[in-house]
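Those protein sequence lines, which keep their order, are chains A and B. My numbering puts the first sequence at residues 84 to 314. My numbering puts the second sequence at residues 6 to 329. First comes the structure, then the notes that go with it.
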Amino acid sequence: MRLGTMTGVPVLLATLALLAGPIQAQDETKKKSSEASKPGSTSAPEKAARDALAGFEKGNEDWRARMEALVRLAQIGSAAAPVLLEALQDSKPATREFAAQALVLLAESTVQPALERALVDPTPGVRLYAIQALSMLGPLPRNKDNERILTTDPSIFGVRPMMAAALERTDRPSLAEMRTALAEYDLRKMDSARVGQTAPDFILTDYAGKTVRLSQFRGKTVVLRFILFDY
Amino acid sequence: MREKAKEYQRRDVQPLLVMAQQSFQLKRPKVLVKVNEDAWARWLDESGWPDAVPGEVLFDPLSTVSATYGVAFQTQFRDDRNVWSSRPAIFVIDPEGVLRNVGSRPDQDIREDVILPVVDDLREQRELIAALSAKEGARGEAARIARAPLGARTKTAIPVLAEALKDESPQVRAGAAAALYWIAAEAGTAVPALTGALQDKDIRARRLSVLALARIGPDARSAVPALIQVLADEHPLVRTAAISALGRIGPDAAAVVVEALQKDKAARIRAAAAAALPAIAGRPPSAVPALIEAMKDTDAGVRAAAALALKKIDPQAAKKAGAK
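Written out as structure tokens, the structure is:
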């Protein structure tokens, strides 16, 4: 197989992305809209969504806390959207970024205006995930604002490529399927691979959609390598 | 076919490359095709990953598999820099499906030129343990337990294997050391026996004992003085393993290396300690003044090793101290 002929060839910009340009300082005057919510009127899904968000914030940016919060939000589904929209206005950049990331899974026409506003967020991660979330609703229009992001966003290796991909997006991802897959992830399996124990089995698909199961390679030594690619 | 692919096929190794991302498969944007392919080609070239094997490139769009393996990548920006919540990692899984090695460096990707030797080592260990498990009696049974996934019976194999480290046959000693390395997570009680094996005449037994102690980590603290001696081992692979072991045992161990540089009576140990310092994880700041001081050592070998080490750790301090 020649990777050069693949569709959806990944980009390895892990190192390049570190060079992403500087942007203006975070605007600290943003208000916390959470103050507006009334504790008495909290519904069960809303409370669960707030708990998930609190779990992320308490996790001190550990990836496990992020993963767990994403799984919990996927389990809650659309009902989590209001809490995330509120978090998209939070004063803490990490919280806004996480909210935008979670909204990728909850992208619906109702959240579209808020995501569009987030395209000018001072934190590149918020812009990046907002673009991605919007692209789940279909390819982004080639309007002036989006062209400007494509050509002038200070995050050259993060936000700009994400916009380039979003403008040309042709696939129609099933958000419901993705949410279900994430919601069904057993969190007890997280970080469970241990030297000396049977390697956790998995099923993944290749670029052509072919299914591959780790255990099908019994009898051979397997070198399993995880790398990042950006889109 | 590329040479690297042949190397994998020759070893009957199946490479699996998992693209871990929190995002989803977007169509490759045309504007970036060129830069993408260049980046990809460069990466393949530098990482040595075989692109022409029926090596599967798999996608993990929700990072669930990555999370299970403890390597979920999620884009996040901190101080306007894109950072990842995790890092690239390599896992080596043996033909029985047991995870045998994990490679991950905090600051850089893992290179294939390191992975293939790990695969070769693994094969040698398998053969040593298989030979031992063919024996009758307790030793054979202990080796068979060591080959299986860790479990309730693992601990019962430890004393038998620890005792086998003293066998007169180098083959048996190396097999026992390999077995203890494989079940190191449960082998804390074998530390004294493994420490004794650091002086084994057989290089395999010696090196595998060092590797086992490295895996045991902080619980192998009592092996530190013996490991310091191993820093001067005649075999470079054993020395490298000792450096890694001292790093994994913890910052206390790294401090003992500095102490050895300052106080050990044998010049060859002082020189070895100096040479080890640049690569030791958790190296204390006191390493720099100690190396500057060691540049005035009575022994020329120590002075040279200290100057070289200082140049690697702190080039400015080295220049100031007159290192050439």
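Ideal Cβ placement from N, Cα and C applies to all residues, glycine included. Please read all numbers here as calculations on a predicted model, not as lab measurements.
- Going by DSSP, residue 190 of chain A is part of no beta strand (DSSP E) at all; its letter is neither H nor E.
- Residue contact check for residue 19 of chain B against chain A: a CB pair falls below 8 Å.
- Beta-carbon to beta-carbon, residue 278 of chain B and residue 262 of chain B are separated by about 5 Å, close enough to satisfy the 8 Å threshold.
- If you check the CB distance, residue 281 of chain B and residue 236 of chain B come in under 8 Å.
- Listed along chain B, no residue sits closer than 8 Å to residue 166 of chain A by beta-carbon distance, the nearest being about 19 Å off.
- Burial check for residue 71 of chain B: the Cβ neighbour count within 10 Å reaches 16 or more, so the residue is buried.
- Per DSSP, residue 105 of chain B is not a residue of any alpha helix (DSSP H); the beta strand (DSSP E) it occupies stretches across 104 to 108.
- For residue 281 of chain B, the enclosing alpha helix (DSSP H) has its first and last residue at 272 to 281.
- Under DSSP, residue 94 of chain B forms a beta bridge with A/309.
- In the structure shown, residue 296 of chain A falls within a strand segment according to DSSP collapsed to helix, strand and coil.
- The beta carbon of residue 208 of chain B sits closer than 6 Å to the beta carbons of 240 from its chain, once the five residues preceding and following it are set aside; these are given in chain order.
- Nearest in C-alpha terms to residue 168 of chain A, of all of A/152, A/157, A/185, A/159, is A/185.
- A contact between stretches requires three or more CB pairs, one per stretch, nearer than 8 Å, and the region 133 to 150 of chain B meets this requirement with the region 167 to 182 of chain B.
- With contacts defined as CB atoms closer than 8 Å, residue 167 of chain B and residue 198 of chain B qualify as a contacting pair.
- Every alpha helix (DSSP H) stretch that sits fully inside the region 225 to 267 of chain A and reaches 4 residues is listed by chain position as 227 to 235, 242 to 250, 258 to 266.
- Fewer than three pairs of CB atoms, one per stretch, sit closer than 8 Å, so the region 195 to 215 of chain A makes no contact with the region 267 to 279 of chain A.
- One thing to note: residue 215 of chain B has its Cβ no nearer than 8 Å to the Cβ of residue 279 of chain A.
- Neighbours of residue 75 of chain B in chain A, taken as residues at a C-beta separation under 9 Å, are given in chain order as 146, 147, 273, 274, 275, 276.
- Short of 6 Å from the beta carbon of residue 155 of chain A, and not among the five residues preceding or following it, lie these beta carbons of its own chain, in chain order: 135.
- Within the same chain, 289 come within 7 Å of residue 260 of chain B by CB-CB distance, once the 5 residues on both sides are set aside.
- Among the residues of chain B, none has a CB under 8 Å from the CB of residue 194 of chain A; the nearest is roughly 17 Å distant.
- Annotation: the continuous alpha helix (DSSP H) that includes residue 8 of chain B extends over 8 to 15.
- Take the alpha-carbon of residue 20 of chain B and the one of residue 145 of chain A: they are about 29 Å apart.
- Going by DSSP, residue 169 of chain A is part of the alpha helix (DSSP H) stretching over 164 to 170.
- At least one CB atom of chain B sits nearer than 8 Å to the CB of residue 279 of chain A.
- Residue 19 of chain B is bridged by DSSP to A/305.
- Contact between residue 297 of chain B and residue 313 of chain B is ruled out by a C-beta separation of about 13 Å, above the 8 Å threshold.
- Against chain B, a Cβ distance below 9 Å from residue 301 of chain A picks out 100, 101, 102.
- Counting C-beta pairs closer than 8 Å gives three or more between the region 128 to 142 of chain A and the region 159 to 174 of chain A, which meets the contact rule.
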